[in-house]
Structures are given as structure tokens and as C-alpha cells.
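Contents: one structure, followed by commentary.
2 protein chains.
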Amino acid sequence: MSDSNGPQSVSQRELPVVGTPRPERADARRNRLRVLEAADRLFTEYGVKNVSLDAIAAEAGVGKGTVFRRFGDRAGLAVALLDEREQELQAKILTGPPPLGPGAPAVDRVVAFLTAYLDLLDRHVELFMDSENASDGARYRIGSYNLWHRHLAHLVEQARPTLDADHTAHVLLAPLAADLHQSLRNRGFALDRLKTGTEAIARALLTT
Amino acid sequence: MSDSNGPQSVSQRELPVVGTPRPERADARRNRLRVLEAADRLFTEYGVKNVSLDAIAAEAGVGKGTVFRRFGDRAGLAVALLDEREQELQAKILTGPPPLGPGAPAVDRVVAFLTAYLDLLDRHVELFMDSENASDGARYRIGSYNLWHRHLAHLVEQARPTLDADHTAHVLLAPLAADLHQSLRNRGFALDRLKTGTEAIARALLTT
DNA sequence: GGCTCTAGCGGACTACAGTCCGTCTTATGA
DNA sequence: TCATAAGACGGACTGTAGTCCGCTAGAGCC
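Line order of the protein sequences matches chains F and L.
According to UniProt numbering, the residues represented by the first sequence are 1 to 208, in order.
According to UniProt numbering, the residues represented by the second sequence are 1 to 208, in order.
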């Protein structure tokens, strides 16, 4: 379990907040790590949706209130656990080699992103489900969603300026919803088919 | 409250089921109508998400168990309430005048459907939210989703046979998810902007 | 080291979704 | 009209998310 999920990661879920970032107290930090570790362990062993927050609190040896104050709700905990994996992808997009990183044509970068995201999503569907559906509209409030959105909007603007880039970016992200992905996989769509199909759609849409 | 939501409408939520369709018992019918009426009344008065199923049962003067046996869960009740409105759209698609009904070019029919659906969605977002998100993957199990999907897949096949029509139809439906729609509206997207943007995307994607 | 005050702690509490099963109602057919 | 069984009824029960608030412990200051 990485230690990178500080309070700033949690606040990432909300719209930008100002204020003095007080240092994290020692007991708070200890408990935060315990909870994340416990959640990781129980999720792996029993499956995400079979683990209650009471169970996680018990396993971590903390009170239930502690879990909620720290992570807000079930979605928040899932987000914290996904943070690390998503940050890898974020880094590759911002500073990695093309086509994921800068330097390739916009369309290729869109395709590379969508494909990479599908891989990530497929590996952690259950966690994504929790982070997106545990509360209404959770997906769109998460910091990383907004990051992906800005990235795509920027590329759409370059590739096809006649489209409404802001809106189109949301539309491109919509098929990456965890519940749709899980449903498609259950209907027998192989991951490769989804990737190929997604690439074809993105190219048809953005190639002029 | 229409009386068209018989047991067959409820079974529409599940994959096709065979078996003898026994006639609905009189008390069952009476209670079903009472529950739908009560739900409609309370939802209108207090807002969908502020009404518990206990409250609906109480208002309808039936036991809680009755509500659940009849509708399965919260999503099922929402689906039953939406049924009527969706059936109108279904009828227009199957037998109405073009471009919604048969007779227009495939691309125009896709655009007409997406636009009409956005209107419907916008009018009943709260109910759609419930019907899609009350349980995991509920949206994709609903009978009407599969109907919309088949409709679009058919049109995609005609408009752009090189695409994976089955997959593409799901992708076209993804941006119509209730939670995304609500989030976009909250971010200040006007309904007209969403319609215009959606049309542009559909045409860019499907026009060869 | 001791004081103070703020942030954090934790578990009892509430509210709600969904289940279960003993009881009662309706449809049928003799 | 009555007997019977299929199926509906309903409310007590369970499990979980999320809240609340009196209590505790850490951090900075003297």
C-alpha cells in the first residue's frame, strides 16, 4: 500500500478547495493506512461488493466513524484505492512517450488513452463500480474524471474543431462507465473486441 | 395512472421468460394500482429520492412485502412508472412517421431517436436515475434498453456496415445515462446544447 | 514537563432496502 | 355453495450506509 494517498488525494474528490493545508496528525495517518490496508485485503479475499464498511473498520481496528470521516462514503474509499493506479496513467499521459504522451497526432492520442483506460477499467471493474455508483453522480465529481475530461476535450479541439469539444469529451468518456463495461463483458464481449470497436468509433468520429 | 402495466410489463425487466401467463388476481391488481398511484403522488410531492418504499407502502395502505414482491426493488417501481412514457416513444419508432419511424435514412432516424430520448430523459431524470442506478447494472437489464439497443444496432448496420453495430449501439446509448445527463445539466449544459452536440457527433460518426 | 485546544476517535443510533414465512384471499371446479 | 390449493399479503426481521456527539489524544507553546 502506497503512502501517496494523503489528505490532498481525498480533497481531490471535491471541487478545488482553498484554505491552509494543516499537516496530518500522526494518529490520523496511522488509521488511514490501516483502513486502506484492511480494505485492500478484504476486497481481494471476498470481492468488493461482499465487504461492508463495518467489516473494514473492524479489520482495521478502528471505529466506523473514523472510516467515514476520512473517506466520506463507500465511493471515497474506492477512489482512494484506485488513486495509485490512475496516477500511473495520468503520468503517462502528461509526460510519457507518444502516443499516450505528447507528440503524437491528437486522434492517436485519444485512441491510446481510451485503450489504456479500458485496460485499467477491466483490471479493476469492481473497484470502479464502487467508486462510480456508490452514490449518485459520484463518477463525475471525482478529480480524475475531470482530468480525463480536460485531456480529451483538448485533443478533440485539435482533431475536430467543429465539434463541441467539452460535450464530446463527456460523450467519449460515457462508454467507459464501469457498469456498462461489466454488463458488456457479461454479455460475452471480449476485451479486445471492445478496444477494437472503441478505436474504430473514435477514428470515425475524429478523423476529418 | 394507466392500467397498462400488467405483470407482462414487470417481466419485461428480465430476459424472456416462458410459461403460462396466469391471470392477475383481483387483490393483486388492486394493490398494484394503489402502489403506483401512491408512488406517483409522493414522488411528485417530495421528489423521487426523498421517498422511501416504506412510505409508499404506507401511503398505498399495503404491506412493504407487497411492494417488493410486485416490483422487485426500487428500480422496478421506477421502471413501471416510466413504462407508459417509454411505450409512446417505442410506438413512434416502430410505426410512427419518419424520421422517428421507418422511411427516413438511417442516420436521420438515429438522430431523431437520440433527440427524442433526450427530451424524455430530461423530463423524467429523477425517475430514470432510480430505474438505472437503484441496483448494479439495472439499466442494461431493463427491457426497453434492449429495445433501444436493437433499434440502433439495426440502423448503424445500415448506415455504416464497417462498424461493429452491436457495440456501437451500446456506445451511442452510453451518453444517455441518467446520471451523466443530470451531471451535465448541473454543470450548466442547456438541453438544446446537448441535443445539438449529440446530433453533430452522430452524424460525424455515421455519415460516410 | 505540563497546559491547552483542536482535530480526531468510535460506537451507539437512525433510516432504509430487501427478505422471510405464517396467515389470509381468491379462483376454480365439483 | 363449499372445499381446496395456488398464490398474495404484510409486518417483523436482518444487514448496511451514513450521522452524531461526548470523549481522547496529539501538537505546539510556555
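Just so you know, even glycine gets a beta-carbon here, dropped at the ideal spot from N, CA and C.
Buried or exposed (CB count within 10 angstroms, at least 16 for buried), residue i
| i | result |
| --- | --- |
| F/Thr168 | buried |
| F/Ser52 | exposed |
| L/Tyr46 | exposed |
| L/Thr94 | A quick correction: the sequence has Leu, not Thr, at residue 94 of chain L. Exposed, by the Cβ-count rule. |
| L/Gly103 | exposed |
| F/Gly188 | exposed |
| F/Asn50 | exposed |
| L/Leu194 | buried |
| L/Gly19 | Because the pLDDT at L/Gly19 is just 48, under 50, the model does not fix this residue reliably, and the value given afterwards should be weighed accordingly. With fewer than 16 other Cβ atoms within 10 Å, it is exposed. |
| F/Ala202 | buried |
| L/Asp108 | buried |
| residue 224 of chain L | Because chain L here runs from 1 to 208, residue 224 of chain L falls outside it and cannot be looked at. |
| L/Thr44 | exposed |
| L/Asn133 | buried |
| F/Ala26 | exposed |
| L/Thr198 | buried |
| F/Ala91 | exposed |
| L/Arg74 | buried |
| F/Asn186 | exposed |
| F/Arg30 | exposed |
Residue i and residue j closer than 8 Å at C-beta
| i | j | result |
| --- | --- | --- |
| L/Val171 | F/Pro175 | yes |
| L/Asp83 | L/Met129 | no |
| F/Ala55 | F/Leu42 | yes |
| F/Thr66 | F/Ala57 | yes |
| F/Ala177 | F/Ala165 | no |
| L/Tyr140 | F/Ser183 | yes |
| L/Leu205 | F/Ala204 | yes |
| F/His181 | F/Val125 | yes |
| F/Leu127 | F/Val48 | yes |
| L/Ala112 | L/Ala159 | no |
| L/Glu173 | L/His151 | At residue 173 of chain L the sequence reads Leu, which differs from the Glu that was named. No, Cβ-Cβ distance for L/Leu173 and L/His151 is not below 8 Å. |
| L/Arg32 | L/Arg70 | yes |
| L/Leu163 | F/Ala200 | yes |
Where the alpha helix (DSSP H) containing residue i begins and where it ends
| i | result |
| --- | --- |
| F/Lys195 | 191–206 |
| F/His124 | It is not in any alpha helix (DSSP H) - F/His124 carries neither H nor E in the DSSP assignment. |
| L/Ser144 | 143–159 |
| L/Gly65 | 64–71 |
| F/Leu53 | 53–60 |
| L/Thr95 | 74–95 |
| L/Val35 | 26–46 |
| L/Ser183 | 178–186 |
| L/Asp166 | 165–173 |
(message) Between the region 62–80 of chain L and the region 28–40 of chain L, can you find at least three pairs of beta-carbon atoms closer than 8 Å?
(response) yes
(message) Count Cβ pairs between the region 140–155 of chain F and the region 73–92 of chain F that sit closer than 8 Å; are there 3 or more?
(response) yes
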